[in-house]
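Protein chains in written order, with my numbering: chain V, 115 to 323; chain Z, 115 to 323. We put the CB at the ideal spot given by N, CA and C, even for glycine. These numbers were taken from a predicted model, which means no experiment stands behind them.
2 protein chains.
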Amino acid sequence: MPEFPESFAQDFDRLLRWRRDVRRFRPDPVEGALLESCLASFSLAPSVGLSEPWRIVSVASRGARASALANFEAANARALAGYDGEKARLYAGLKLSGMREAPVQLAVFCDEATTKGAGLGATTMPEMRRYSVVAAITQFWLKARIEGLGVGWVSILDPARLAADLQVPESWHLVAYLCIGWPEEAADTPELERAGWERRQGGIELLER
Amino acid sequence: MPEFPESFAQDFDRLLRWRRDVRRFRPDPVEGALLESCLASFSLAPSVGLSEPWRIVSVASRGARASALANFEAANARALAGYDGEKARLYAGLKLSGMREAPVQLAVFCDEATTKGAGLGATTMPEMRRYSVVAAITQFWLKARIEGLGVGWVSILDPARLAADLQVPESWHLVAYLCIGWPEEAADTPELERAGWERRQGGIELLER
Numbered sequence: 115m116p117e118f119p120e121s122f123a124q125d126f127d128r129l130l131r132w133r134r135d136v137r138r139f140r141p142d143p144v145e146g147a148l149l150e151s152c153l154a155s156f157s158l159a160p161s162v163g164l165s166e167p168w169r170i171v172s173v174a175s176r177g178a179r180a181s182a183l184a185n186f187e188a189a190n191a192r193a194l195a196g197y198d199g200e201k202a203r204l205y206a207g208l209k210l211s212g213m214r215e216a217p218v219q220l221a222v223f224c225d226e227a228t229t230k231g232a233g234l235g236a237t238t239m240p241e242m243r244r245y246s247v248v249a250a251i252t253q254f255w256l257k258a259r260i261e262g263l264g265v266g267w268v269s270i271l272d273p274a275r276l277a278a279d280l281q282v283p284e285s286w287h288l289v290a291y292l293c294i295g296w297p298e299e300a301a302d303t304p305e306l307e308r309a310g311w312e313r314r315q316g317g318i319e320l321l322e323r
Numbered sequence: 115m116p117e118f119p120e121s122f123a124q125d126f127d128r129l130l131r132w133r134r135d136v137r138r139f140r141p142d143p144v145e146g147a148l149l150e151s152c153l154a155s156f157s158l159a160p161s162v163g164l165s166e167p168w169r170i171v172s173v174a175s176r177g178a179r180a181s182a183l184a185n186f187e188a189a190n191a192r193a194l195a196g197y198d199g200e201k202a203r204l205y206a207g208l209k210l211s212g213m214r215e216a217p218v219q220l221a222v223f224c225d226e227a228t229t230k231g232a233g234l235g236a237t238t239m240p241e242m243r244r245y246s247v248v249a250a251i252t253q254f255w256l257k258a259r260i261e262g263l264g265v266g267w268v269s270i271l272d273p274a275r276l277a278a279d280l281q282v283p284e285s286w287h288l289v290a291y292l293c294i295g296w297p298e299e300a301a302d303t304p305e306l307e308r309a310g311w312e313r314r315q316g317g318i319e320l321l322e323r
């Protein structure tokens with residue numbers, strides 16, 4: 115069992131406290147080698163039956179970026195239409211994606227048809243494949259933050275439309291659209307909390323059974 | 115922006131390499147305060163719209179443990195029946211849960227009906243609430259590992275049956291059944307790989323669009 119330095123647990127807590135969903139990026143590029151080293155954390159993630167179902171598309175071309183942005187803007191306008199009064203005013207003022215600025219943008223899919231792992235652990239809960247992809251994204255997010263990079267997870271999108279626009283195989287299901295780059299600022303409080311949308315509750319209560 | 119010690123990135127990589135899905139536990143109890151400090155990582159997890167939809171049930175009573183174990187055993191027998199020949203022989207020899215030994219067992223749910231976050235980010239992708247729970251579990255898993263605890267995620271279960279047996283609210287959807295305790299051994303290779311079930315591929319290739 116590897117020993118960690120005494121300060122490691124505290125530094126890890128600090129990492130969790132300063133990890134943010136970032137929507138405001140500086141335009142500076144991200145070095146390919148740095149991105150690669152962060153992406154290596156995918157291969158160390160837990161996956162059901164060792165199925166490793168993550169599939170990653172780098173959304174880099176002008177055309178792919180434009181269709182993703184249009185997708186977000188349409189979904190965001192529909193979402194705004196679902197709010198009234200003060201909540202609508204607040205929503206309209208939120209910056210909910212860094213898709214115009216983020217130098218790196220990744221669409222992360224789950225391959226529902228992978229035969230890797232031979233279905234172990236996914237018979238009664240096939241959603242475990244998608245959950246494996248989420249676990250890998252979470253590890254990547256923390257790793258990127260250690261390197262000073264910010265990650266923003268955009269979910270205000272029509273996932274089927276994005277998959278079609280990116281021409282990925284039929285069996286790939288969108289899990290996340292990630293914006294990645296150098297954040298404009300660091301913060302230990304979520305932007306939604308600072309903007310007055312919602313507050314973190316804090317504290318976990320267990321139900322006993 | 116908080117600075118991390120130079121060794122932090124390497125230690126974090128080591129943490130990812132030595133995190134395992136643990137199914138073999140020593141019977142020693144886990145102190146309540148230690149478990150609580152690990153569970154605090156839930157409140158620092160990303161959640162869609164700050165909805166914090168995680169709900170945790172401590173499965174502690176003899177009756178609740180027995181129904182969860184029976185649920186696993188039935189699902190595992192059905193899963194085994196789906197394999198033939200060498201794969202069936204291998205599957206039958208795998209230890210896929212520590213439910214008989216793990217001193218702490220948590221059923222982690224997603225509250226699909228929470229109004230917290232006012233639905234932000236979950237209109238086109240309502241599954242984001244479940245994904246938020248998975249991100250929180252991933253952070254908890256790493257935090258527990260730093261403290262020397264092992265975590266095993268059991269997904270060979272009928273989730274609706276477990277929710278009914280634990281008498282949780284209708285809107286709670288099972289995301290994970292976690293076994294937690296002191297691992298019998300440390301390993302940097304998944305048990306499924308050591309048992310010859312599947313190998314990790316290693317390396318991530320990006321598709322360009």
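The beta-bridge partner set that DSSP reports for residue 312/V is empty. Neighbours of residue 135/V in chain Z, taken as residues whose beta carbon is under 8 Å from its own, are 160 in chain order.
Interface annotation, residue 312/V: in contact with chain Z, CB-CB separation under 7 Å. Straight through space, the alpha carbons of residue 157/V and residue 190/Z are spaced by roughly 27 Å. The CB of residue 248/V comes closer than 8 Å to the CB of 245, 248, 249 and 252 in chain Z, given here in chain order. Put simply, the CB of residue 170/Z is near chain V, with a gap under 7 Å to one of its CB atoms.
With at least 16 other beta carbons inside 10 angstroms of its own, residue 221/Z counts as buried. Per the coordinates, the alpha-carbon of residue 149/Z lies some 30 Å from the alpha-carbon of residue 266/V. Taking every protein chain shown into account, the CB of residue 155/Z has 16 or more other CB atoms within 10 angstroms, so this residue is buried. Cβ atoms of residue 252/Z and residue 236/V stay farther apart than 8 Å, at about 18 Å. With respect to chain V, the C-beta atom of residue 266/Z has no partner C-beta closer than 7 Å.
Contact note: residue 229/Z does not reach chain V at a C-beta cutoff of 7 Å; the least C-beta distance is about 10 Å.
Looking at the DSSP output, residue 286/V bridges to 225/V. When 7 Å is used as the limit between beta carbons, residue 317/V is near these residues of chain Z: 157, in chain order. Here the alpha carbon of residue 153/V sits roughly 22 Å from the alpha carbon of residue 116/Z.
The shortest C-alpha to C-alpha distance from residue 145/Z to any of 206/Z, 258/Z and 287/Z is the one to 258/Z. Residues of the segment 115-131 of chain Z with a Cβ closer than 9 Å to any Cβ of chain V, in chain order: 115, 116, 118, 119, 121, 122, 123, 125, 126, 127, 128, 129, 130 and 131. By the neighbour-count definition (other C-beta atoms within 10 Å, threshold 16), residue 203/Z is an exposed residue.
Listed by position along chain Z, the residues whose Cβ is nearer than 8 Å to that of residue 209/V form an empty set, because the closest Cβ is around 13 Å away. Taking the C-beta atoms as reference points, residue 243/Z is found nearer than 7 Å to residue 167/Z. Cβ-Cβ distances below 8 Å link residue 270/V to 186, 189, 190, 193, 210 and 211 in the same chain, with the five nearest sequence neighbours on each side left out; the list follows chain order. Boundaries of the alpha helix (DSSP H) around residue 260/Z: 242-260. Between the segment 163-181 of chain Z and the segment 310-323 of chain V, the count of Cβ pairs shorter than 8 Å is three or higher; the stretches touch. Chain Z has a Cβ within less than 7 Å of the Cβ of residue 174/V. Residues of chain V with a Cβ closer than 7 Å to the Cβ of residue 235/Z are, in chain order, 269 and 270. One Cα belongs to residue 141/Z, the other to residue 147/Z, and the distance between them is close to 18 Å. When DSSP states are grouped into helix, strand and coil, residue 273/Z belongs to the helix group. Taking CB atoms only, residue 149/V has no neighbour in chain Z less than 7 Å away. For residue 317/Z, no alpha helix (DSSP H) run applies, since DSSP gives it neither H nor E. Nearest in C-alpha terms to residue 295/Z, of all of 302/Z, 139/Z and 213/Z, is 139/Z. Contact annotation: residue 322/Z and residue 172/V have beta-carbon atoms nearer than 7 Å. Contacts with chain V at 7 Å (Cβ-Cβ) do not include residue 292/Z.
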